[in-house]
Amino acid sequence: MRILVVNVNTTQSMTDSIGEQARAAAAPGTEIVPLTPEFGAESVEGNFESYLAAVAVMHTVRSYPEPFDAVIQAGYGEHGREGLQELLDVPVVDITEAAASTAMFLGHKYSVVTTLDRAVPLIEDRLKLAGLSDRCASVRASGLAVLELEEDPAGAVEAIVRQAELAVSEDKAEVIVLGCGGMAGLDEQIRLRAGVPVVDGVSSAVVIAEGLVRLGLTTSKVRTFAPPRPKRVTGFPLTVPVGV
């Protein structure tokens, strides 16, 4: 089984970390292929960058030359999953939905701890669109920019733990979800400090993707995610005909 794990930003070191986390969660025999878009922002922290990342991720997946069995979009609260589902006939799993749905098996309410406050509305919207918001106690910002997660891992853990503890004590969350792909690998440290289950979206997405492949299931194509209608796409970057 081969699973593509696509970072939404262009920072290669973050792709490497995401790939490492994905491999740790994967079952024997699963090949994890981490991919970095060839264009886009070095970090995704707003709507413009998120929509740009959606195009970049679709382009990256369409350009991959070998067969694959599933795709993971490794950006928390980002746009684009729906486009991938139209383009592909294999399962597509977004880490936002994978983490939230996993958290709901572990407690009554979950809270998301993310990076900057400006990302909070995007995450809230994505959870609502996915039908996962009813059991979300809160979405809290750590105040860290995405790139700061790599620059100061110890400081990142402290900032995330601080918000996780508040989510548990004030918002009555019973599970914490890490709200950024760049937080991959921090889950165990935060769990030990916060005292509740901590869900990493990359790991959750890998397990869900593997399960869908083993069950022989993929996206329904009868309506919402039917393939794009055949037509000419003009200009950079999606110059490859779609829907054919």
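Counting from 683, one number per residue, gives the positions in the sequence shown under this note's numbering. For every residue, glycine included, the Cβ atom is placed at its ideal position computed from N, Cα and C. As the structure is a computational prediction, the values presented were derived from the model and not from experiment.
Please report the straight-line C-alpha distance between residue i and residue j, rounded to a whole angstrom.
{"i": "Pro773", "j": "Val904", "result": "15 Å"}
{"i": "Pro923", "j": "Asp853", "result": "Any reading at Pro923 is ruled out, since the residue's pLDDT is 48, under 50, leaving its predicted position unreliable."}
{"i": "Glu832", "j": "Thr784", "result": "25 Å"}
{"i": "Glu892", "j": "Glu847", "result": "32 Å"}
{"i": "His741", "j": "Glu731", "result": "15 Å"}
{"i": "Ser793", "j": "Ser885", "result": "17 Å"}
{"i": "Pro910", "j": "Glu768", "result": "6 Å"}
{"i": "Leu798", "j": "Ala823", "result": "5 Å"}
{"i": "Asp807", "j": "Glu870", "result": "27 Å"}
{"i": "Val915", "j": "Leu814", "result": "34 Å"}
{"i": "Met786", "j": "Ile777", "result": "14 Å"}
{"i": "Asp834", "j": "Gly722", "result": "23 Å"}
{"i": "Glu764", "j": "Phe907", "result": "7 Å"}
{"i": "Gly898", "j": "His790", "result": "30 Å"}
{"i": "Val843", "j": "Glu830", "result": "15 Å"}
{"i": "Tyr746", "j": "Ile754", "result": "14 Å"}
{"i": "Ala756", "j": "Pro749", "result": "19 Å"}
{"i": "Pro912", "j": "Cys818", "result": "39 Å"}
{"i": "Met865", "j": "Ala836", "result": "12 Å"}
{"i": "Glu702", "j": "Ile714", "result": "9 Å"}
Please confirm whether residue i and residue j have their CB atoms less than 8 Å apart.
{"i": "Gly825", "j": "Ala841", "result": "yes"}
{"i": "Gly867", "j": "Ile805", "result": "no"}
{"i": "Arg800", "j": "Gly863", "result": "no"}
{"i": "Gly711", "j": "Val739", "result": "no"}
{"i": "Val795", "j": "Leu860", "result": "yes"}
{"i": "Val857", "j": "Leu788", "result": "yes"}
{"i": "Val878", "j": "Ala707", "result": "no"}
{"i": "Val775", "j": "Ile890", "result": "yes"}
{"i": "Ala782", "j": "Leu811", "result": "no"}
{"i": "Ala855", "j": "Ser902", "result": "no"}
{"i": "Val895", "j": "Met683", "result": "yes"}
Would you mind giving the Cβ-Cβ distance between residue i and residue j, rounded to the nearest angstrom? I have them listed as a contact below 8 Å.
{"i": "Ile872", "j": "Val881", "result": "So it is not a contact: roughly 10 Å between Cβ atoms."}
{"i": "Thr697", "j": "Pro716", "result": "5 Å"}
{"i": "Arg687", "j": "Ala704", "result": "Reading off the sequence shown, one finds Val at residue 687, where the question assumed Arg. Correct: roughly 5 Å between the Cβ atoms."}
{"i": "Ala735", "j": "Asn691", "result": "7 Å"}
{"i": "Val828", "j": "Ser695", "result": "That pair is no contact at about 12 Å."}
{"i": "Leu752", "j": "Ile700", "result": "The question names Leu, but residue 752 in the sequence shown is Ala. Not a contact, Cβ separation roughly 15 Å."}
{"i": "Thr900", "j": "Asp816", "result": "Not quite, the Cβ-Cβ distance comes to about 26 Å (not below 8 Å), so this is no contact."}
{"i": "Gly917", "j": "Ala780", "result": "About 33 Å separates the two Cβ atoms, so there is no contact after all."}
Got a sec, what are the start and stop residues for the alpha helix (DSSP H) residue i sits in?
{"i": "Glu833", "result": "830-833"}
{"i": "Glu806", "result": "802-811"}
{"i": "His733", "result": "The question names His, but residue 733 in the sequence shown is Tyr. Element bounds for Tyr733: 729-745."}
{"i": "Arg705", "result": "694-707"}
{"i": "Ala781", "result": "777-785"}
{"i": "Arg763", "result": "763-769"}
Could you spell out the range, first to last residue, of the beta strand (DSSP E) harbouring residue i?
{"i": "Ser793", "result": "792-796"}
{"i": "Glu713", "result": "713-717"}
{"i": "Arg822", "result": "818-823"}
{"i": "Leu788", "result": "Note, Leu788: premise wrong, no beta strand (DSSP E); not H, not E."}
{"i": "Leu686", "result": "684-689"}
{"i": "Val753", "result": "752-756"}
What residue ranges within the stretch 857-910 form continuous alpha helix (DSSP H) runs of no fewer than 4 residues, ordered along the chain? DSSP runs (the alpha helix (DSSP H)) wholly in the stretch 857-910: 869-876, 883-897.
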